[in-house]
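Student:
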Amino acid sequence: MSIDTPTVNATALDPTSAGAARRDILHRLLMTLGPILAALVIAGCILLAVGVDPLAYYGYVLEKGLFSPLGIQQTLTRMAPLLFLAAGLIVAFRAGTWNLGGDGQFLLGAVTAAASAPVFVQLMPAWLALIGSFLIAAVVAMIWSLVPALLRAYQGVNEIITTLMMTFLGTSLANVLVKLVFRDPGTTVPQTRTLPVEDRLPRLFDTTITSGLLLGLAAIIIVHLVMTRTAFGLKLRIVGANPRAAIHAGLGVPGLTIAVFAISAGLAGLAGAVDIIGVQGNVRADWNPAYGLAVIPAVFLARMNGFAAIGFVFLLSVLSIGGESAARRLGVPNHFTLVLVSIVLIVLALAEYVDHRYNQSRKA
Amino acid sequence: MGSLSSLPDADKRDIVVLEGVTKRFPGIVANDSIDLSIRPGEVHVLLGENGAGKSTLIGMLSGVLQPDEGRILVDGKLTQITSPRHALALGIGTVFQHMMLVPALTVAENLLLGGPWWQRPRTEELEARVAEITRSLGITVKLHAKVSELSLGEQQQVEILRAMVRNSRLLILDESTSMLTPKGIDELGTLMRRLVEQGLAIVFITHKLKEAAAFGDRISVLKLGRKVGEIPSERFRALGEQEIISEIVELMFGKQKDDPEAVECPIRTICVEAAPLLQVADLAVAPTDNAPGLSSISFDIRPGEILGIAGIDGNGQKQLAEALAGQRVATGGSVRLEGTAIEMLSVGERRQRGLRYLTDDRLGEGTVATFPVSINFFLKQVGAAPFWRNGFEQRAEIDKRAAQLVREYDVRTPSLKTPVGRLSGGNIQKVLLARELAEGAKVVIFNKPTYGLDLANTLASRQRIRDTAARGLAILLISTDLEELLSMCDRIAVIANGALVGTVENVDDVRTKVGRLMIGLAA
Ligand SMILES: Nc1ncnc2c1ncn2[C@@H]1O[C@H](COP(=O)(O)OP(=O)(O)OP(=O)(O)O)[C@@H](O)[C@H]1O
Ligand SMILES: [Mg+2]
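Which chain is which? The protein sequence lines are A and B, in order.
Numbering-wise, the first sequence is residues 1 to 364 according to this note's numbering.
Numbering-wise, the second sequence is residues 1001 to 1523 according to this note's numbering.
1. What is the DSSP secondary structure of Y1357/B, reduced to helix, strand or coil?
2. With a threshold of 8 Å, are at least 3 pairs of Cβ atoms found where one atom belongs to the segment 239 to 251 of chain A and the other to the segment 108 to 122 of chain A?
3. Less than 7 Å between CB atoms is the rule here; does G1383/B satisfy it with respect to chain A?
4. Check E1439/B in the structure and name its three-state DSSP category.
5. Among the residues of its own chain, which have a CB less than 8 Å from the CB of P69/A, if the five just before and after it don't count?
6. Along the segment 165 to 194 of chain A, what residues have a CB closer than 9 Å to any CB found in chain C?
7. Quick one: does R1362/B have its CB under 7 Å from some CB of chain A?
8. List the residues of chain A whose Cβ lies closer than 8 Å to the Cβ of V1017/B, in chain order.
9. Kindly indicate the opening and closing residues of the beta strand (DSSP E) around I258/A.
10. Using only the alpha-carbon positions, how far apart do I3/A and F1253/B sit?
11. Nearer than 6 Å: is that true of the beta carbon of S1220/B relative to any heavy atom of ligand 2?
12. Residues of chain A with CB closer than 7 Å to the CB of R1351/B, please, in chain order.
13. Identify whether A21/A lies in helix, strand or coil by the three-state DSSP scheme.
14. Give a yes or no on whether 7 Å exceeds the smallest Cβ distance from T75/A to chain B.
15. Would you identify the three-state DSSP class for D1300/B, choosing helix, strand or coil?
16. Looking at chain A, which residues of the segment 1288 to 1302 of chain B have a Cβ within less than 7 Å of any of its Cβ atoms?
17. Going residue by residue through the segment 1201 to 1242 of chain B, where are the continuous beta strand (DSSP E) segments of at least 3 residues, counting only ones entirely within it?
18. Chain A partners of V1368/B, CB-CB under 7 Å?
19. At which residues does the beta strand (DSSP E) containing I1309/B begin and terminate?
20. Quick one: does the C-beta of I1058/B sit closer than 6 Å to a heavy atom of ligand 1?
21. What are the boundary residues of the alpha helix (DSSP H) that includes D1186/B?
22. With respect to 6 Å, is the separation between the Cβ of N1497/B and the closest non-hydrogen atom of ligand 1 below this value?
23. Return the residues of the segment 1204 to 1229 of chain B that lie within a Cβ-Cβ distance of less than 9 Å from chain A, sorted by chain order.
24. Return the chain-ordered list of same chain residues with a C-beta closer than 6 Å to the C-beta of L108/A, the five sequence neighbours on each side being excluded.
25. What is the rounded straight-line gap between the Cα of P202/A and the Cα of G278/A?
26. Can you tell me the Cα-Cα spacing of A273/A and A87/A, whole angstroms?
27. Check the Cβ of F307/A against every Cβ in chain B and list those closer than 7 Å, keeping chain order.
28. Does DSSP classify D1481/B as helix, strand or coil?
29. Report the CB separation of L1363/B from I1428/B in whole angstroms; it is logged as a contact under 8 Å.
30. Does the beta carbon of A231/A come closer than 7 Å to any beta carbon on chain B?
31. Determine whether the Cβ of L234/A lies closer than 7 Å to any Cβ atom of chain B.
32. The beta strand (DSSP E) with S1033/B in it runs from where to where?
33. So within the segment 1400 to 1447 of chain B, which uninterrupted alpha helix (DSSP H) runs reach at least 4 residues, ignoring any that extend past its ends?
34. Assuming G1472/B and P1276/B form a contact by the criterion Cβ under 8 Å, report the distance between their Cβ atoms to the nearest whole angstrom.
35. Between G1452/B and M1488/B, what straight-line distance do the alpha-carbon atoms span, to the nearest angstrom?
36. Cβ atoms of V1221/B and G1383/B: under 7 Å apart, would you say?
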């Protein structure tokens, strides 16, 4: 154009950007660890108030969950299903879908795996049998997510409500299946047939840690890479960040929505399968560990980053294994771990708010 | 810094005074020690190219941003404007550049937002007040329509209304005329005049120099974050419109040029006998409660031709564009591209065949604000080579092409990784333009393509659109800016209430003809 715009560059880069980046990471770390410490103190006060020595409690948690050889093995084993669930949630949340039906999907996956694995191992080689069970578990969980998925994709029905409702139905259905359909005739307690220990997922080296842990790690890392590096992941993130932009860009939003539900539920189903085929061996009636809901905060704290989620899932695992033992020894209800996790969340949110206000006032 | 006039000596009369205000963002100094005084009874026009720092400056006045350095005096007292609520309490009402309404609520609910939570909203009072203001503004506002049903132009009117309902002493309008018709702009100008006569102060941001000269009392020019000049009101009154404009041009671009908007008229040859590229016949869209549908829209566009759609915003322009692009279901009619029917195809398939749609809602649907600038260039090509191979993102390819587009379209951004929502309004618009004008297009629908662009970029973009047409593309140009249509189109159709009420060739007396059509008379 004839009007000459000055060539002075308005975009000179900040020379201190490397330093700024380091400061940023440090700040992030501080903003995560600080609140966790504060939450431990607050939870400690609650323990004091109910007459339990908080130091003893935390001591037991650490000892059992982290420092004792047996405990750490249990912790790592517990991580396997949690990692699968976290992977499923990362897909859903990044795509802006609130799949809160993880528990129902998990249990149905667990029951199908428990029902199919003992039959399959008699028909085919063990490795094929396990793969078969995993697949069936994933497919059943996917089918269970179809109702919320279709309602969301074509009618715009809010999935928070539908997935929660489906999770209640799913847990009941899992129970019914255990008691009426897949019940092991050889036992008096209602439970499915037990998968022999030698047919379960192998353990790692000489430990009791299940190799399901490796599968879980693989799942969450793959999910992370798919979400951040591939076209498919980007499409899902566009739908999540701005659905109108997704429509404008010509993406098939309903199809993608259904895919998100399927992947997320499928991973939850796999979580159930990995817990059964790797660890439990069978499903007892009324068994519901409610991992699905417990993992949600961990995924949030990790800001849906797969690698950070691994760290938080580990923490959650330590807390839940250690917490169970500490609870037994000190007479604190088992659910105190949940109380602890929620205090961490609340304090983190508060810290974020305060940080924001502080930034504002410092600039003023 | 470098202000032509003397520094504002914290005059008692000033409502707001900025002294040496500086605001930095990562990688950029958006405002560099700016001095500004805002007086009652004056329309203070803020000018500057895209990214000069205008919106940042008013962000600090309206409590959205906090300055890094410098002082803000309100009524002569040092004041920290800590939040938008605080700004409102101080009597500072702002119409932001990008819409800030809650789409799921009705217009009335949006206007009532922000009242004390324990009080029942006073709906009757509001209705009376709104009636009064809309009458004096000459606009109509559908109080009970959901905001998401309104066009952006209508939303802009609601925003102006909202700022006025609150009885502000200082009214800030950031590019509030960008979606109004010439008539609407004149009415807003008259209203501003009336308001300042009542003792209000107004800060008015625009890219149209004629508006600045016609409505202003005082002009400040920003450039690269610095204030490079001011025309104080005494001087302003002494100068004629042309003198003011040429003085502004000199301040902004450092070079004299008479009427920058007087551009050569299009001299393109359209093969009259060539088959139309786009044929639309009897296109219909069902109306909703508060938005018009479309009824029997028919037109052809031949290769190399630019067809303009004139009309007041909210008369079906958005519906037309969306129905053509495939984002909205048509209830009848046909759309043919190069002779093949495309009305049953999806958005993506239509794009693949060469149909492009530049939306006017750059933040609502045009971009994903939190994604980097680089990715936003390719939102409509996700998965396509060479930027993705086997489904995997090719960072290097994306960045290379993005850097090229940034240079070519003069997008001012600190880096390719900057979230696009952090760019200035005009620079986001450039990202959209770059995306739609890139290769492979046959028919392009432009909805207000230059909205938010500064003068130089507006002219450059218009030239680009003309060049595109000259390459043999068919262009549909929707705009509320009659000058724009006149300077570019071969034919201009007028839309009113979802129907094309007439089409005229762009020759000599077209201005009056279009004007007549717009008010419902025969051409
Ligand atoms: N929140 C933010 N974070 C980072 N950078 C920002 C932010 N807001 C604005 N900027 C940068 O500050 C500069 C000034 O932007 P501003 O929006 O004030 O420009 P403007 O004069 O209003 O331009 P336009 O006419 O295009 O609206 C731009 O370079 C922009 O990228
Ligand atoms: Mg701006």
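Yeah, the Cβ is synthetic: ideal placement off N, Cα and C, and Gly gets one too.
Note that the structure is predicted; figures quoted are calculated from it, not measured.
Tutor: A quick look at the data gives this:
1. strand
2. no
3. yes
4. coil
5. none
6. Annotation note: the requested chain C is absent from the structure, which comprises protein chains A and B.
7. So, not an interface residue.
8. Correct list: empty, because the minimum Cβ distance to chain A is about 17 Å.
9. It is not in any beta strand (DSSP E) - I258/A instead sits in the alpha helix (DSSP H) that spans V253 to D275.
10. Low confidence applies to I3/A: its pLDDT is 35, below 50, so where it sits in the model is not reliable enough to give any reading.
11. no
12. G250
13. helix
14. no
15. strand
16. none
17. 1201 to 1205, 1218 to 1223 and 1226 to 1231
18. I238, A241, N242 and A245
19. I1306 to A1310
20. Outside the cutoff, so no.
21. P1182 to E1197
22. no
23. Under the 9 Å Cβ criterion, the segment 1204 to 1229 of chain B contributes K1223, L1224 and G1225.
24. V140, A141, W144, G170 and A174
25. 8 Å
26. 15 Å
27. Contact annotation for F307/A against chain B: no contact, minimum CB-CB distance about 18 Å [criterion: below 7 Å].
28. Correct three-state label for D1481/B: coil.
29. 7 Å
30. It does; some Cβ of chain B falls within 7 Å.
31. yes
32. I1028 to I1038
33. Qualifying alpha helix (DSSP H) stretches, in chain order: 1425 to 1437.
34. That belief does not hold up - the Cβ atoms of G1472/B and P1276/B are roughly 12 Å apart, past 8 Å.
35. 18 Å
36. no
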